[in-house]
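Chains as they are written, first to last, in the working numbering: chain A, 1 to 383; chain B, 1001 to 1383; chain C, 2001 to 2383; chain D, 3001 to 3383; chain E, 4001 to 4383.
Positions of the beta carbon are idealized from the N, C-alpha and C atoms, including for glycine.
From a predicted model like this one, the values you see are computed outputs, not experimental measurements.
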Amino acid sequence: GLSELKKRGHGSRSWIKIDQDGSSKILELDKSSIMRHCSLPARDLRLLDPLFIYPSTILGRENAIVVSLEQIRCIITADEVILMNSLDGRVIQYESELCKRLRMNKDHNDDLPFEFRALELALELTCMSLDAQVKELELEIYPILDELASSINTLNLERVRRLKGHLLALTQRVQKVRDEIEHLMDDDDDMAEMYLTEKKQRLEAYSSDQYAQTEFSEGVRSGSKSEPVSPVGSLSGTHRGLQRAFSSIVSSSRHENMLSSSSSGENIDQLEMLLEAYFVVIDNTLSKLSSLKEYIDDTEDLINIKLGNVQNQLIQFELLLTAATFVATIFAVVTGIFGMNFETSVFDYPSTFHWVLLVTGFFCVGLYLCFLFYFRHKKVFPL
Amino acid sequence: GLSELKKRGHGSRSWIKIDQDGSSKILELDKSSIMRHCSLPARDLRLLDPLFIYPSTILGRENAIVVSLEQIRCIITADEVILMNSLDGRVIQYESELCKRLRMNKDHNDDLPFEFRALELALELTCMSLDAQVKELELEIYPILDELASSINTLNLERVRRLKGHLLALTQRVQKVRDEIEHLMDDDDDMAEMYLTEKKQRLEAYSSDQYAQTEFSEGVRSGSKSEPVSPVGSLSGTHRGLQRAFSSIVSSSRHENMLSSSSSGENIDQLEMLLEAYFVVIDNTLSKLSSLKEYIDDTEDLINIKLGNVQNQLIQFELLLTAATFVATIFAVVTGIFGMNFETSVFDYPSTFHWVLLVTGFFCVGLYLCFLFYFRHKKVFPL
Amino acid sequence: GLSELKKRGHGSRSWIKIDQDGSSKILELDKSSIMRHCSLPARDLRLLDPLFIYPSTILGRENAIVVSLEQIRCIITADEVILMNSLDGRVIQYESELCKRLRMNKDHNDDLPFEFRALELALELTCMSLDAQVKELELEIYPILDELASSINTLNLERVRRLKGHLLALTQRVQKVRDEIEHLMDDDDDMAEMYLTEKKQRLEAYSSDQYAQTEFSEGVRSGSKSEPVSPVGSLSGTHRGLQRAFSSIVSSSRHENMLSSSSSGENIDQLEMLLEAYFVVIDNTLSKLSSLKEYIDDTEDLINIKLGNVQNQLIQFELLLTAATFVATIFAVVTGIFGMNFETSVFDYPSTFHWVLLVTGFFCVGLYLCFLFYFRHKKVFPL
Amino acid sequence: GLSELKKRGHGSRSWIKIDQDGSSKILELDKSSIMRHCSLPARDLRLLDPLFIYPSTILGRENAIVVSLEQIRCIITADEVILMNSLDGRVIQYESELCKRLRMNKDHNDDLPFEFRALELALELTCMSLDAQVKELELEIYPILDELASSINTLNLERVRRLKGHLLALTQRVQKVRDEIEHLMDDDDDMAEMYLTEKKQRLEAYSSDQYAQTEFSEGVRSGSKSEPVSPVGSLSGTHRGLQRAFSSIVSSSRHENMLSSSSSGENIDQLEMLLEAYFVVIDNTLSKLSSLKEYIDDTEDLINIKLGNVQNQLIQFELLLTAATFVATIFAVVTGIFGMNFETSVFDYPSTFHWVLLVTGFFCVGLYLCFLFYFRHKKVFPL
Amino acid sequence: GLSELKKRGHGSRSWIKIDQDGSSKILELDKSSIMRHCSLPARDLRLLDPLFIYPSTILGRENAIVVSLEQIRCIITADEVILMNSLDGRVIQYESELCKRLRMNKDHNDDLPFEFRALELALELTCMSLDAQVKELELEIYPILDELASSINTLNLERVRRLKGHLLALTQRVQKVRDEIEHLMDDDDDMAEMYLTEKKQRLEAYSSDQYAQTEFSEGVRSGSKSEPVSPVGSLSGTHRGLQRAFSSIVSSSRHENMLSSSSSGENIDQLEMLLEAYFVVIDNTLSKLSSLKEYIDDTEDLINIKLGNVQNQLIQFELLLTAATFVATIFAVVTGIFGMNFETSVFDYPSTFHWVLLVTGFFCVGLYLCFLFYFRHKKVFPL
């Protein structure tokens, strides 16, 4: 499986590249070039692969945010969005809406950096799409349940089972998106990691300051490739090392040095507020789904009690009829007795016929009434 | 859906504005003017929108607290409350009570800032309204359950199902309010963010100090709109940047610099104590609801066992009657035998008639007693 | 509801005041005087109000610990315990035991401050009272369940349902006490807040040091009542502000300044150990209750399986009897056939009578045996 | 209950004292002397009391670790283990094994301090004993369940119920041990608190340094016994105060001062690794128990479905027989009709006898086939 | 059990040693030599022992990472992987794949240190193997459930029960791997502990710096073996002590000293990203399993409702037939009456025969129709 898997990953695939100024173009890119371009390891790209159906994920990496929200799978860098091309409506909507928004900048009064505007749209479309699906499911399930509660039939049971499967799958998807947003909100470091534009700008500022020094140390370091960790005290580093150092500083700045990095604190707030708003939306969607699940469970409980209750009523009637049959059989026995071919004196008096019928009749009615009183006394009957 | 959604958000709506001195007036405001006035992004305002029914939320933003507690939807700033107008009783009660409280300041011995007095009233009314609804539900459910436990009928089952739906919806609403309060209490930063009055006053103090410098840097910055992050080391900032910097300092002051911001530590305590008290109330409401749910579940378990038990009793009687019918049929067979038109010697002795009746009668009674003993031996009968 | 509520809160009520030297007296206090005396807001006092039945709560406030553990509702300050008077046995026991302990100080080798000795007794009595109730419930439930497991009757089912209600209510109460202790143990700040004696002593020490300065700033501040937050940099503060500043310092001392406040670290340990010990006790009580719940659930599962099993046995007997009745009816049909008034040649040979009986008899017995074999073959019978 | 409880605690009890060099002796100690010796409060000792059956607990105190793991109840100090004497096999095994290990030091390559070697053995014996009990339970439960799944009988149901009780109790005990280990691992301060040997050595080192100063302040402090908290700034302290100060420093050293207390960081790792290894073992035991619980639940679900299914099959046969009985009764009615004593012309033709039998016979068989077709059409029959 | 256990641990076992340059060889090692080589305590090695089947674990130790992921059990040090030899396919695949990857270094663009490349492969193979097993189980379960939903038979019930057992076991294994990854990701210290290569390099760098000093203090320390903790202030330490000190510094560097250890912050990110990617994969596998579980539960719910429903239908038919039998018995009674041997005037009119049949016939049909109407009125019939 492993080697075969590797091969599949190397074919090139169609992607849509959207720039900061809102222009998009379709490209054919193979996996390794994306990996190089966004400095992502193979294992991160694999999460976007439509061959493996992974649930929604948002990963903040060094130079990119890897977003896989339902059908929308993209890699957001500080300069561009690389969106996996597909015929799905949401992908097309994402592309057109993002381009539109990037082009007319004015109607947004919160000036979010590029990467968050791309992320927000992905969240917005995903939350709305999921909410719409939940509403659709609600419209389908409620009438069937009400129908089922009044009369049970196999067809509806099957439909409820099928819809429960849909509900379960949808709940898992919504839950996954919700968890992903919550997880991000809980981790200040992960959020700080996502400030791609800021990290890039800092790095550029730093690079120009340190240009001379870097040039020098570059030469030194080039000979020590096999040594992954630079010795303590040496402040020289490659472009990449600096980048990482910055992201570390950004993520720890809250605890360290408030004055010099107030803008980072501000940014974490910006992203946190953005996520918070969509968290409320998706959490609401999730609670609708859990309501639906509870409603189905309650209906099933009711159906079970109802079935049990109807069954008891049926058995009560059955019992009454069996008692009646028994009484009738008693009468039949009496008639059988007098139908035997013995010649006894009882047949001599014609009036006996009436007496026999009367006495047996009254006896049978009396016996039946006794049964009724006994059943009522035993409280098995609510009649 | 997206573009249509946008349009709906632009119509103006009726709001009630309540000032710090307790005077209120009704205004027509459109979304964008509120967004500008309170510097809130569109996505935050959407959470208040009655078209989307979002659950209860309390969001601390830069200049405002966005409160959506059940019917009470408002934006609290340091100077005023902007309350969404509606005919709902709680909205009217909120307005009148808040105005009354703001006017006569003396009966409150804890001097809370304006924003927390507005928030407290919203919490107070919401908690009480929810608790009242829970009490109402309890009064309705308990008698039905007790009735159901003694005798099951379809009408009551339907009512229980309906009430379970209410219970579920109410639980979700209460849970949401409780979670929101708990979430706030757990996050010191979010609580610090809510000190609008304090933030405003600090900002004003700072602004007057830095007036000269700000004026200068304002000029510099105006030309660098596209650069969202100011370079490291530059302390110049707009009014807005300062505001943010302050909120960062406030939120991190506990860890950093205790002496200079002791009042902030004090305030977090104030808000924490306020939230704590309402948390106890709403948590109590929630545990009433979970009691109710458990009570319903226990009653249903009991009903199921009772149904099963009654059913067994019914089948036991059925079994006894079937046995009796079988025995009677045996007697009928005997009478049938002697009613056949064969001419055999048995009919010659008239006393045979009595013997046949006696022997068959005793046999049948004996057979029935055997059944009873067998059933008792097999322990299927508790008779 | 709101205004009426307010009124109810203003009546005076009977309280017991217990001093540090173990002397107690009964006082009539109204709400507002307590609020002033302990500097508690109205909302905290409301949690003690017996009109609203709130669950157990322990709140650490500036100058007081508000304790509401089951029947024991009191406010503990650094100097005295104000206990809500009631006829409940536990309140009386609390008063007498606390006075006794305070009077003879020697048998306690851990020198706890006054507030923790009062708190410990409240915890001790509550934990023991709850544990005793759980034991009582256990003694009542186990025999009923064992009885029910062997034979189901409606009376016992009703008693189990009633006891399940008790169990549920008791579990919630125990859970609440447990959660409250756990919550306190998890929050170092809340625990530090509770060192009333220490806070008071520090404040007094500080006050005497800063007497001159405070006197001066007091005059300045008196004119700025409406300004709730003192400007940054101003270190002057009222008595109250200082108090708060201290509690902040105490709570943050672990992270800040270890040398100068080692005694605070010591104290947090003292309270933590105290709470830990009672946590073990109450957690044990809670796990007994959950055992009980599980035992009831297991018994109900067993009862359901047993009911189902007995029902199947009943239906098996029923089936056997129905088969027998059918066979007998077949015999009756045969006798009926030969009882018809047709004159055919079959009646001419008297021996036919015996043959008919023999043949039909064997046929019927054979038919019945076929049924038995068929049922056994179909494996519906474990006979 | 309270005063009686106190009395019970004062009787002396048999303890085993094990020294660092592996020699053990049996002592009679009363509660108060242990309390003094280990400086433990009464409430901690109560947790060891076999009269109250508390679940497993590990408490790190100032000078001692209080260990109550199943039957092994002991107090571990830096110099000795005071083990509660009992006839239980595990206590005896603990004593002999600990002595053996202490005597031959060489086969342990991780040089743990004395207190952790004692603690490790308690954990090791407890984990193994619990795991052995789980295995025993597994061996007992699985065959019964498999037997029950194939045929239900009351005896096995009762045994399953009894074993479920055992399983529940065992799960709670294992869970408690697991939670206790997890809780310790999560709290760095608690772990640091347990370094008794280290704390003692530091104290001794410090004591000798500060001897002169302590001697002096001792005199000062002796007169201020009633003042529990020393004034801020005073660094003088009793032996005990120092001890506490050290434990505070140890527990906070990770955040404060890495260089001077690197050995403490090392130690926390040592204990963490020790706990981690036993956590894996006990967690594995717990997951076996939860597997067992799930297996029982699954078997019960299966039994319920099977019971329902068998019941349906029984009722199907019942239905078929009732239909047959009905058809036979129809035939009997026909024979009854021709057995009536009316003299009509139908009896004149002898061949009618055969026609009546044939027609009625075919009619009855036809009727029965109709029933079968109807039942199959209604899909209630899988025949 | 304990002593026997010890013995079993001492036999030597076959291991595969894989070097950094990708060459592997098979070795026979006994437990104690591994313990010495990797400086692991006995209790950690016991977790790898195949005699005790412990669930998946990843433990970061001083010089080694102990990995037990399903069949792959190995110890990873900075220089080599010691893999437990076994005939299991995954072990063989791990060895060959790791050697291959180590040999051709170029196709990995993220330069992970040796220990993480070994760890990643173990995670990758384990996640894929588990996912494959889940897929297999899905393929087996879904058809059986669909079959069961349409018709219940005992064979399928047994198969579902067996598959539920598999599902349960697999869920626990997947859950364990997932928890282990999550646990690692949550604990920054544990992740830092795993940087074996880095720790080793630092130690070497430090060692050469401190060579002179160490040499000196070595002599001093050699005489104080029994003193496990060096006195405060003494910075001298053995090789081992330094190693630990470094791991402490690495783990706390985030909070302390950002500039000098930026490379450590970088590394934690590297490992975190690696774990994050596999967490997504294994979490996805787990949610498939929980879907499967829910699907089974839903199907069982459906089956129960269906069984109840079919049962009610059966009882309805039964009831109809019993009613019919009763009616037929009534007719039989009438024929019996006129079959009695009394000589009454009714037999004198031959037309009575027809009247009796007609009247009784209509009466019986009428009676039956009454039953039908009554049942429909009582709503027990959906006919």
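Here Ser3151 of chain D carries a coil assignment [DSSP, helix/strand/coil]. Closer than 7 angstroms at the C-beta level to chain B, one finds these residues of the stretch 2039-2058 of chain C: Pro2041, Arg2043, Asp2044, Leu2047, Tyr2054, Pro2055, Thr2057.
Counting only the Cα atoms, Leu3167 of chain D lies some 26 angstroms from Glu3120 of chain D. Within its own chain, the residues whose Cβ lies closer than 7 angstroms to the Cβ of Glu3140 of chain D, once the five positions on either side in sequence are excluded, are Leu3163, listed in chain order. Selection A:Thr352, A:Ser345, A:Gly366, A:Ser351 evaluated against Pro1350 of chain B yields A:Ser345 as nearest (Cα-Cα).
In the structure shown, Ser1086 of chain B adopts coil according to DSSP, grouped into three states.
Between Gln2270 of chain C and Leu2112 of chain C, the beta carbon gap of about 7 angstroms places them in contact (Cβ cut-off 8 angstroms). The beta carbon of Val356 of chain A is closer than 8 angstroms to those of Val334, Phe338 in its chain, skipping five residues each way along the sequence. According to DSSP, Lys25 of chain A shares a beta bridge with A:Lys17. In this structure, the CA atom of Leu4045 of chain E is about 31 angstroms from the CA atom of Met4104 of chain E. Counting only runs of 4+ residues, no alpha helix (DSSP H) is found wholly inside the stretch 2323-2370 of chain C. In chain order, Glu2318 make up the part of chain C whose C-beta sits under 7 angstroms from the C-beta of Glu1318 of chain B. Apart from the 5 residues on each side of it in sequence, Phe1353 of chain B has no Cβ closer than 7 angstroms to any other Cβ in its chain. For the pair Leu1157 of chain B and Leu302 of chain A, the CB atoms are nearer than the 8 angstroms cut-off. Secondary structure note for Ile1034 of chain B: its alpha helix (DSSP H) is the uninterrupted segment 1031-1038.
In this structure Leu4170 of chain E is not in contact with Ile4296 of chain E, their Cβ atoms being roughly 13 angstroms apart against a cut-off of 8 angstroms. Bounds of the alpha helix (DSSP H) holding Arg1043 of chain B are 1042-1046. Taking C-beta separations shorter than 7 angstroms and ignoring five residues to either side along the sequence, the partners of Glu3180 of chain D in its chain run Ser3056, Thr3057, Ile3058, following chain order.
Shortest Cα-Cα distance from Leu3289 of chain D to any of D:Gln3093, D:Ala3323, D:Gln3175, D:Arg3202 involves D:Gln3175. Its Cα nearest to that of Thr2360 of chain C, the residue C:Phe2331 stands out among C:Leu2372, C:Phe2331, C:His2377. Ser2086 of chain C and Ile2092 of chain C have their alpha carbons spaced roughly 8 angstroms apart. In this structure, Leu83 of chain A places its C-beta atom within 8 angstroms of the C-beta atom of Ile16 of chain A. Only exposed fits Ala3132 of chain D, as fewer than 16 other CB atoms lie within 10 angstroms of its CB. In this structure, DSSP gives Ala2064 of chain C a state outside helix and strand, which the three-state scheme calls coil.
Taking 8 angstroms as the cut-off, the beta carbon of Thr285 of chain A is found closer than this to the beta carbon of Cys127 of chain A.
Straight-line measurement puts the Cα of Lys3031 of chain D at about 21 angstroms from the Cα of Glu3095 of chain D. Taken through DSSP and simplified to helix, strand or coil, Ile4053 of chain E comes out as coil.
The C-alpha of Phe4347 of chain E lies about 11 angstroms from the C-alpha of Asn4341 of chain E. Near chain C, meaning a CB-to-CB distance below 8 angstroms, the residues of the stretch 3158-3186 of chain D are Glu3158, Val3160, Arg3161, Lys3164, Gly3165, Leu3168, Ala3169, Gln3172, Lys3176.
Out of C:Leu2027, C:Phe2116, C:Ala2277, the CA that lies nearest to the CA of Val3067 of chain D is found in C:Ala2277.
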